[in-house]
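A.B. asks: If you want the numbering used here, it's the 1-based position in the sequence shown plus 1. By construction, the Cβ of each residue, glycine as well, lies at the ideal position given by its N, Cα and C atoms. Just so we're clear, the structure is a prediction, and the values are computed from it rather than from any experiment.
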Amino acid sequence: MPGRMQNLGELAYLFVRDQIARPMMGVRGDRWMALLLSLFFFVWMANLMAVVPPAQFPVTGHIAFPAVLAALVYVVMWVVGVRNHGLIGFVRHATCPPGLSRAETALVAPLEFLSTFVLRPFMHAVRLFATMFAGHLLVALFATVGYHFLIQAPTPLGVPVGVVGVAFTVVVTALEVFVQAVQAYVFTLIAAYSIGDACRAPVKGSG
Numbered sequence: 002m003p004g005r006m007q008n009l010g011e012l013a014y015l016f017v018r019d020q021i022a023r024p025m026m027g028v029r030g031d032r033w034m035a036l037l038l039s040l041f042f043f044v045w046m047a048n049l050m051a052v053v054p055p056a057q058f059p060v061t062g063h064i065a066f067p068a069v070l071a072a073l074v075y076v077v078m079w080v081v082g083v084r085n086h087g088l089i090g091f092v093r094h095a096t097c098p099p100g101l102s103r104a105e106t107a108l109v110a111p112l113e114f115l116s117t118f119v120l121r122p123f124m125h126a127v128r129l130f131a132t133m134f135a136g137h138l139l140v141a142l143f144a145t146v147g148y149h150f151l152i153q154a155p156t157p158l159g160v161p162v163g164v165v166g167v168a169f170t171v172v173v174t175a176l177e178v179f180v181q182a183v184q185a186y187v188f189t190l191i192a193a194y195s196i197g198d199a200c201r202a203p204v205k206g207s208g
């Protein structure tokens, strides 16, 4: 009989498979579960460091970590895309939507190239970094207000401000725990989409 830890592990596996891998990649997403599951839990645990004493700072609040993870997904996308389509075929597949005339393709292709190969990996990393860093700053701000007006320099007028600071620290921390899980989900979702699109067979008539 499976124990509690095995049940939790199976629930986590099914969540990533049914909510991320298969919606973005279809049944081929099962082949990528090792990568997607690792990404999801690594990002989530790294985010949770923001509320774990004595760390109190999200690992992904350092741009190096999201950048390396996004670069890993970017490299995998290129490897899979070139293996499935060839170099020129992959670029055409990513930049030339089907059903467009040559004139429309000439206008759309540069934008798609910029979006797929430049902006997507950049935003993939920056979205996670910026969200975690901003959330940490908010928690630190309200905690500093509470500490200053209640402990460091209490005054009759400052005590209510300190109480509000402590209350907001608790509220923002609870919200941050929710956002940490959401950001892990979004980061893995984008990774699954990028790799799944590179795996996808070209539509007839495209390019």
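(1) Is the region 33-44 touching the region 116-124 in the sense that three or more CB pairs, one from each, lie closer than 8 Å?
(2) Sorted by chain position, which residues of the same chain lie with C-beta nearer than 7 Å to GLY147's C-beta, five sequence neighbours on each side aside?
(3) When the distance is taken between beta carbons, is ILE196 closer than 8 Å to VAL26?
(4) Span of the alpha helix (DSSP H) holding MET124?
(5) Report buried or exposed for ASN8, applying the criterion of at least 16 other Cβ atoms within 10 angstroms of its Cβ.
(6) Taking DSSP as the reference, what is the three-state secondary structure of THR189?
(7) Which residue wins for smallest C-alpha separation from THR61, given the options HIS149, ILE21, HIS137, LEU108?
(8) DSSP on PRO55, reduced to helix/strand/coil?
(9) Are the CB atoms of ASN48 and PRO55 nearer to each other than 8 Å?
(10) Note down the Cα distance separating GLY208 from ASP198, rounded to an integer number of angstroms.
(11) What's the call for PRO3, buried or exposed, on a 16-neighbour Cβ count within 10 Å?
(12) Taking the alpha-carbon positions, what's the SER102 to VAL172 distance?
(13) On the criterion of 16 or more Cβ atoms from any shown chain inside 10 Å, does LEU108 qualify as buried, or is it exposed?
(14) Hey, PRO67 and PHE143 are a contact pair by Cβ (cut 8 Å); roughly how many whole angstroms apart?
(15) Given this structure, state the Cα-to-Cα distance separating VAL17 from MET124, to the nearest angstrom.
(16) Could you tell me the alpha carbon to alpha carbon distance between LEU12 and GLY90, rounded to whole angstroms?
(17) What residue does the alpha helix (DSSP H) around TRP33 start on, and which one ends it?
C.D. replies: Let me lay it out:
(1) no
(2) Your numbering for residue 147 matches position 146 in the sequence shown. Excluding sequence neighbours, GLY147 sits near GLY163, GLY166, VAL167, THR170.
(3) If you number the sequence shown from 1, residue 26 lands on position 25. If you number the sequence shown from 1, residue 196 lands on position 195. A small fix is needed here, since residue 26 is Met in this sequence, not Val. Their beta carbons are under 8 Å apart, which means MET26 touches ILE196 by this criterion.
(4) On the sequence shown, residue 124 is found 123 positions in, with the first residue counted as 1. 121-148 is the extent of the alpha helix (DSSP H) around MET124.
(5) Within the sequence shown, residue 8 is the residue found at index 7, counting from 1. That one is exposed.
(6) As a first step, residue 189 is located in the sequence shown; it is residue number 188 there, counting from the start. Residue state, collapsed to three classes: helix.
(7) Numbered from its first residue, the sequence shown carries residue 61 at position 60. It is HIS137.
(8) Residue 55 sits at position 54 when you count from the first residue of the sequence shown. In the structure shown, PRO55 sits in coil (DSSP, three-state: anything other than H, G, I, E or B).
(9) The residue you call residue 48 lines up with position 47 of the sequence shown. The residue you call residue 55 lines up with position 54 of the sequence shown. No, the Cβ-Cβ distance between ASN48 and PRO55 is not below 8 Å.
(10) The residue given as residue 208 occupies position 207 in the sequence shown. The residue given as residue 198 occupies position 197 in the sequence shown. Because GLY208 sits at a pLDDT of 41, beneath the cut-off of 50, its placement in the model cannot be relied upon, and the point is left open.
(11) If you number the sequence shown from 1, residue 3 lands on position 2. Per the 10 Å Cβ criterion, exposed.
(12) Within the sequence shown, residue 102 is the residue found at index 101, counting from 1. Within the sequence shown, residue 172 is the residue found at index 171, counting from 1. When rounded, the distance between both Cα atoms is 53 Å.
(13) Translated into the one-based positions of the sequence shown, residue 108 becomes position 107. Its Cβ having fewer than 16 others within 10 Å, LEU108 is exposed.
(14) Residue 67 sits at position 66 when you count from the first residue of the sequence shown. Residue 143 sits at position 142 when you count from the first residue of the sequence shown. That pair is no contact at about 25 Å.
(15) Start at 1 with the first residue of the sequence shown, and residue 17 comes out as number 16. Start at 1 with the first residue of the sequence shown, and residue 124 comes out as number 123. One C-alpha to the other measures close to 22 Å.
(16) As a first step, residue 12 must be located in the sequence shown, where it is residue number 11. As a first step, residue 90 must be located in the sequence shown, where it is residue number 89. Computed Cα separation, rounded: 38 Å.
(17) Translated into positions along the sequence shown, residue 33 becomes position 32. Looking at the DSSP string, TRP33 is not in any alpha helix (DSSP H), and its letter there is neither H nor E.
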